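Just so it is clear: in the sequence shown, position 64 is 64 by UniProt numbering, and no numbers are missing.
Here's the structure, in structure tokens; my notes come after.
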Amino acid sequence: MVFDSFDIKSLIRPVIDFPKPGVIFRDITPLFQSPKAMRLVMDSFAHRYVEADFTHIGAMDARGFLIGSVLAYQLNKPLVLFRKQGKLPADVLAEGYATEYGEAFLEVHADSLCEGDSVVMFDDLIATGGTLIAAANLIRRMGARVHEAAAIIDLPELGGSQRLEDMGIPAFCLTQFALTDK
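So, in structure tokens, the structure goes:
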């Protein structure tokens with residue numbers, strides 16, 4: 001399989017001044033509108049993790065669900081959903097975190113993981129790392145461990161990947177953007 005980061009980057013749409021002035025939002029929906037690009041993204045992740053020693057896929061609300069569900073199917077792993085507050089129907093564990101735009105809470109069903117489980121966490125991008133760090137804290141509270149955090153895009157200037165690494169969590173991304181890249 002040949003992976004070309006430039007091809008992937010060319011299909012990630014920059015949306016200027018969204019959700020607030022001065023922000024360049026990285027829209028991955030064009031990747032999912034291209035069967036070739038979607039296959040390349042999913043096959044790249046599947047190739048990385050097919051022989052890795054982990055038990056579960058963790059997917060972040062909401063764009064991480066697109067990646068995590070496909071990979072859970074491809075790799076025959078259970079899928080754990082990390083949702084925004086108030087979206088899960090059973091007993092949950094919650095973790096607060098700071099976002100680029102304010103504060104939020106992430107929740108997971110309290111019975112999703114057990115001691116000894118190992119999770120690869122997926123999201124569309126790593127910015128400040130808040131969502132993935134909150135998920136990692138929830139995973140650890142259930143007695144499980146984080147194998148790795150993965151995303152399509154890294155925004156290294158915002159420090160999220162480094163924050164994860166500082167917690168002992170490896171981070172893997174298919175491509176990266178500088179904050180000023182258009």
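From the three backbone atoms N, C-alpha and C, an ideal C-beta is built for every residue, glycine too.
Note that the structure is predicted; figures quoted are calculated from it, not measured.
In this structure, the CA atom of Phe177 is about 21 Å from the CA atom of Ala62. Short of 8 Å from the beta carbon of Thr99, and not among the five residues preceding or following it, lie these beta carbons of its own chain, in chain order: Thr128, Gly130 and Thr131. For Ser44, the enclosing alpha helix (DSSP H) starts and ends at Pro35 to Tyr49. The C-alpha of Ile16 lies about 10 Å from the C-alpha of Asp27.
Look at Gly64 here: in three-state DSSP terms it is helix. By the beta-carbon neighbour count (other beta carbons within 10 angstroms, threshold 16), Cys173 is buried.
Under the DSSP assignment, Gly102 falls outside any alpha helix (DSSP H); it carries neither an H nor an E label. Gln162 carries a helical assignment under DSSP once its states are collapsed to helix, strand and coil.
Bridge partners of Ile24 according to DSSP: Ile16.
No Cβ-Cβ contact shorter than 9 Å links Glu157 with Ala171.
The C-alpha of Lys182 lies about 16 Å from the C-alpha of Pro19. DSSP, reduced to helix, strand and coil, places Gly168 outside both helices and strands of the structure shown, so it counts as coil. Per DSSP, the unbroken alpha helix (DSSP H) holding Leu132 starts and ends at Gly130 to Arg141. Where Ser118 is concerned, the enclosing beta strand (DSSP E) starts and stops at Ser118 to Ile126. Pro21 has its alpha-carbon roughly 43 Å from the corresponding atom of Glu51. Contact annotation: Leu179 and Leu155 have beta-carbon atoms nearer than 9 Å. For a cut-off of 8 Å, the C-beta gap from Leu11 to Ala46 is around 19 Å, too long to register as a contact.
Taking the Cα positions, Ile153 is about 32 Å away from Ala90.
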